[in-house]
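Everything on this sheet refers to the single structure shown next.
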Amino acid sequence: MDCTAGIALLGCGTVGANVARRLLHERDALERRSGIRYDVRGIAVRDAEKPRRDDLGGAPFTRDARALVDDARVDLVVECIGGTGEALELVERALDRGRSVVTANKDLIATHGPRLRALAASRGVSLRYEAAACGAIPIVRMLDDALAGDAIVALAGVMNGTCTAILSAMEAGADYADALAHAQACGYAEADPSADVDGDDAAHKLALLIQLAFGLAVISPRIRRSGIAQITKREIARAQMLGYRIRLVAAAARTPQGALAEVAPVLVRADHPFAQGRGPENAVRVVARDAGGLVFTGNGAGGAPTASAVLGDIVTALRGLREHRDLAAHALPLDAALEIAPFFAELPRHSELPRYALWDDTLLDAPVSLASQAYS
Ligand code: NAP
Ligand code: HSE
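Following our numbering, the numbering of the sequence shown begins with 301 at its first residue and continues without gaps.
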């Protein structure tokens, strides 16, 4: 690498456009924090003729993402396309060619993370994905660094802003379809919003967090999930009358054989942190053997908050390039998980709303003894 790092940005939509704008217009500050100069070698998009924001005028757009990844002057590839089609092929191609990768793509990591980590490690480059779980909340670093000396017992949270936005809008009287359209207009929803409302997006984030927290090679398809599309306005109103809100909760606990894990709409007491969000805000509770319970809240969706996490990963990756030792973060091997059992199956239900489990934080403390065995 010469003394200027080359960056390739793949995707310039809700997230990518915010990343591009900051890379192009806040270069001095970002270079100062990175300790290295950089050039944006290209921004790959699907439609190079599409009108873009004014502040991206003159940006180096290209439709040829493969050629951009193959450009020998590129050291770091930032993937903001989404999905596991071309994004997967491009990320594999980049890692294989010795480029470090930053991605916001939870589906990619949740489904192919164990393999991609191994590929990154074999090439001595880093694969970073802070934005992929809970947007601006630095939960990936927290699990991977700050709590690396502890043993994570369990974690749970509200991790999908689209579902929270829909459920809270319905609490205020909106119809499901209008609430979904509003979440899409705000840039919270996935390109195919069924990924949000069917619970797939939250399951992806849960799989990704299980990989980090428990060191297990759990991929998203192994996690049971149910979504919010069947929840009626009557149920929402009844829950409110009883002092609850219905929220899509993703929960996991370590067991000696693997993990309990599930995504489902549950009843959360109205004053609980999981019930406070009205849209993009996520809330996650992590229970560690020695640290005890920790709660993280913040913006989990939306272009600017997600770009904040992507930019943080870019600066870290640039620092690694500067030192000629790009730390292969998240590259340690994962253990196989023999058993992934549902989390909510045996939990108490409210007699008036028996479809929904009742959330209680002590559910995360109960598995401590199981987890102690798992880590012993
Ligand atoms: P988006 O608005 O749909 O943008 C996707 C971008 O990818 C578009 O610029 C599109 O080009 C480009 N693209 C699609 N196929 C391509 C291809 N084959 N080659 C090159 N470019 C291609 O998506 P987004 O909301 O920014 O999400 C991007 C990623 O961030 C996803 O993995 C998502 O899950 C993740 N994420 C999103 C949020 C959020 O709040 N939105 C939060 C956290 C993580 P055109 O512009 O030409 O169509
Ligand atoms: N579609 C996701 C959500 C984006 O609504 O939370 C953030 O990952």
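The beta carbon of each residue, even a glycine, is placed where N, CA and C say it ideally should be.
Exercise for the section: With a threshold of 7 angstroms, establish whether the CB of A591 neighbours any heavy atom of the ligand NAP. Expected result: no
Exercise for the section: Check whether the Cβ of E581 sits closer than 7 angstroms to any heavy atom of the ligand NAP, and report yes or no. Expected result: no
Handout entry: Environment of T462 [buried if 16+ CB atoms lie within 10 Å]
Key = buried
Exercise for the section: Return yes when the C-beta of R353 is under 7 angstroms from any heavy atom of the ligand HEM, and no when it is not. Expected result: You won't find the ligand HEM in this model; what it holds is the ligand NAP and the ligand HSE.
Handout entry: From P521, A472 and F514, residue whose alpha carbon lies closest to that of D501
Key = P521
Exercise for the section: List the endpoints of the continuous beta strand (DSSP E) containing R585. Expected result: E581 to A588
Exercise for the section: With a floor of 4 residues, list each alpha helix (DSSP H) that falls wholly inside the stretch 451 to 508, ordered by position along the chain. Expected result: 461 to 471, 476 to 485 and 494 to 497
Practice task
Could you have a look at V668 and say whether DSSP puts it in helix, strand or coil?
Solution key: At V668 the pLDDT is 49, less than 50, meaning the model places this residue with poor confidence; the figure from the coordinates comes in the next sentence. Here V668 sits in helix by DSSP.
Practice task
Can you list the residues near the ligand HSE, meaning Cβ strictly closer than 6 angstroms to any non-hydrogen atom, in the order they appear in the chain?
Solution key: That query returns the following residues: G435, N460, G461, T462, Y488, A489, E490, D496, D501, G600 and A601.
Handout entry: Distance between I519 and F643 (C-alpha atoms, nearest Å)
Key = 16 angstroms
Handout entry: Spatially closest choice to V458 from I437, S334, R321 and D328, by CA coordinates
Key = I437
Problem - For F644, three-class secondary structure by DSSP - result: coil
Handout entry: Cβ-Cβ separation, R554 to G453 (assumed contact under 8 angstroms), whole Å
Key = For the record, residue 453 in the displayed sequence is Val; it is not Gly. Right, their Cβ atoms sit about 6 angstroms apart.
Handout entry: A305 burial status per 10 Å Cβ neighbour count (16 or more: buried)
Key = The residue is buried, with at least 16 neighbouring Cβ atoms inside 10 Å.
Practice task
Check whether the stretch 524 to 531 touches the stretch 427 to 436, counting contact only when three or more Cβ pairs, one atom from each stretch, lie closer than 8 angstroms.
Solution key: At 8 angstroms Cβ cutoff, the stretches do not touch.
Practice task
Using 10 angstroms around the beta-carbon of D375, count the other beta-carbons present and answer buried if the total reaches 16, otherwise exposed.
Solution key: buried
Exercise for the section: Taking 8 angstroms as the threshold, find out whether the stretch 590 to 607 comes into contact with the stretch 440 to 452 through three or more Cβ pairs. Expected result: yes
Practice task
Tell me, to the nearest whole angstrom, how far the beta carbon of S400 is from that of R622; I am working on the premise that it is less than 8 angstroms.
Solution key: Going by Cβ atoms, the distance from S400 to R622 rounds to 12 angstroms, so no, they are not a contact pair.
Exercise for the section: Mind the definition here: the stretch 408 to 419 touches the stretch 348 to 366 only if three or more C-beta pairs lie below 8 angstroms; say whether that holds. Expected result: By the Cβ rule, the stretch 408 to 419 does not count as touching the stretch 348 to 366, because fewer than three pairs are nearer than 8 angstroms.
Problem - Distance between beta carbons of P580 and Y722, contact taken as under 8 angstroms - result: For the chain, the structure presents residues 301 to 676; residue 722 sits outside this window and is missing.
Practice task
With DSSP collapsed to three states, give me the class of T555.
Solution key: Coil.
Practice task
Assign T606 to one of three DSSP states: helix, strand, or coil.
Solution key: helix
Exercise for the section: Can you give me the Cβ contacts of A320 inside the same chain, cut-off strictly under 7 angstroms, excluding the 5 residues immediately before and after it? Expected result: L309, C312, I343, L356 and A359
Practice task
Taking L395 as part of the alpha helix (DSSP H), name the residues at either end of that continuous run.
Solution key: In this chain, the alpha helix (DSSP H) harbouring L395 covers E386 to D396.
Problem - Contacts around G398, its chain only, beta-carbon distance under 8 angstroms, and the 5 residues preceding and following it disregarded - result: Cβ within range, chain order: R423, G424 and V425.
Handout entry: Cα-Cα separation, L663 to A551
Key = Annotation: L663 to A551 spans about 10 angstroms, alpha carbon to alpha carbon.
Problem - Which of helix, strand or coil DSSP assigns to H624 - result: coil
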